[in-house]
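Encoded as structure tokens, the structure appears first; notes follow it.
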Amino acid sequence: MTKWGNFQLTNTDDLFVSPNFYNYVLQTVEKYDKYDSIAGISLYTHLWNVGVSRPFIPQYNGFDVYFLQYAQSWGQVWTKRMWNQFYNWYITNKNNWKGDVELPNNIQTWPDSSWLKYFISYVTNTNRYFVYPYFSLTTNFTDVGTHNKLVNTSFQVPLLTYDINHYNLPKFNDKSLKYDVFFEQLNLADEIGFPSDEMCIDLFGNKNNTNNRRYWLTNRHLDYMVIKEFALQLKPHELNVIYDLSGKGIFLYDTFYKGNKIVHNEIKLLKASEVRYDVRAVSNKRLLSLLWYELKNKFYRVIKK
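Dropping the structure here:
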């Protein structure tokens, strides 16, 4: 019990928690419980977009947190208001929500026994967000056990190891830095002078433009007319668009017009460039070691089935 009311903090036994986590919890609860659009508070921060198996780097906004339309299970906080809103939605919609939201394919394949699947569907369906820290207050151990035959550090993230007495927390409003369930920055169309309701932001290439928006900003190679091309050099990748860095890797299509699809050899070259953009550089020896590790891990998963 605090002077701000009841809240629930959940940490699982596979997490390593920062000693400063409680200070973060108290300040974010005090700040964001009053915002109806906030559905929860995360202690963990994502550096990996699991839907496409690529790194995710949130654009730094000068504050200590940002907003992401993705619920969290690796250290999370709900106030009574936040949890009750989700529970009421779940009771009403648990059997008929699937056609109302667009979710990444990997989430759609999760079993219906996953509470996280429902919570992510809820925040997407009701246009709510989780608060995420730039510096994580938890990190995840994917140790050897029932689900893993080998140690996997894919979800380990840098952990906050010093005390922050006062967190710089932004208001939640139209100008807030927000990412959708696909880890795409929502205000990017406005940044480059396009109406947000006419552009599909798809820099990770994981959307299908199901709303048939005229403009499609993506790394995918499509047979629509290209009206602008951006490089894939600055990080995070949306900075290449914001700063109008010309090059190859990100394409702005006008879907009202057909264009010439990129030839196969150029696609292979661009895909290789994207991999180098993600992993920087790796020696051949280390690359072979990684390949051996991944094949061994895949073999264990196959025989487990």
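Residue numbers (the working numbering): 1 to 305.
Yeah, the Cβ is synthetic: ideal placement off N, Cα and C, and Gly gets one too.
Just so you know, these numbers come straight off a predicted model, no measurement behind them.
Between Ala71 and Phe21, the C-beta spacing is not below 7 angstroms. Tyr253 is positioned such that its CB atom lies closer than 7 angstroms to that of Tyr224. Of the candidates Gly205, Cys200, His221, Cys200 places its Cα closest to the Cα of Asn211. Following the DSSP letters along the chain, one finds Trp115 inside the alpha helix (DSSP H) bounded by residues 115-125.
In the pairwise beta carbon analysis, the stretch 54-68 is classified as touching the stretch 175-190: at least three pairs are separated by under 8 angstroms.
Taking every protein chain shown into account, the CB of Asp36 has fewer than 16 other CB atoms within 10 angstroms, so this residue is exposed.
The beta-carbon distance between Phe67 and Phe172, rounded to whole angstroms, is 7 angstroms. This is short enough to meet the 8 angstroms contact definition. In the DSSP assignment, Lys31 falls within the alpha helix (DSSP H) that extends over 21-32.
Taking the Cα of Ser136 as reference, the smallest distance to any Cα among His46, Asn106, Thr153, Lys248 is reached at His46. Going by beta carbons, Thr139 and Phe256 fall outside the 7 angstroms limit. Going by DSSP, Tyr224 is part of the beta strand (DSSP E) stretching over 224-231.
According to the DSSP assignment, Trp78 belongs to the beta strand (DSSP E) that extends over 76-79.
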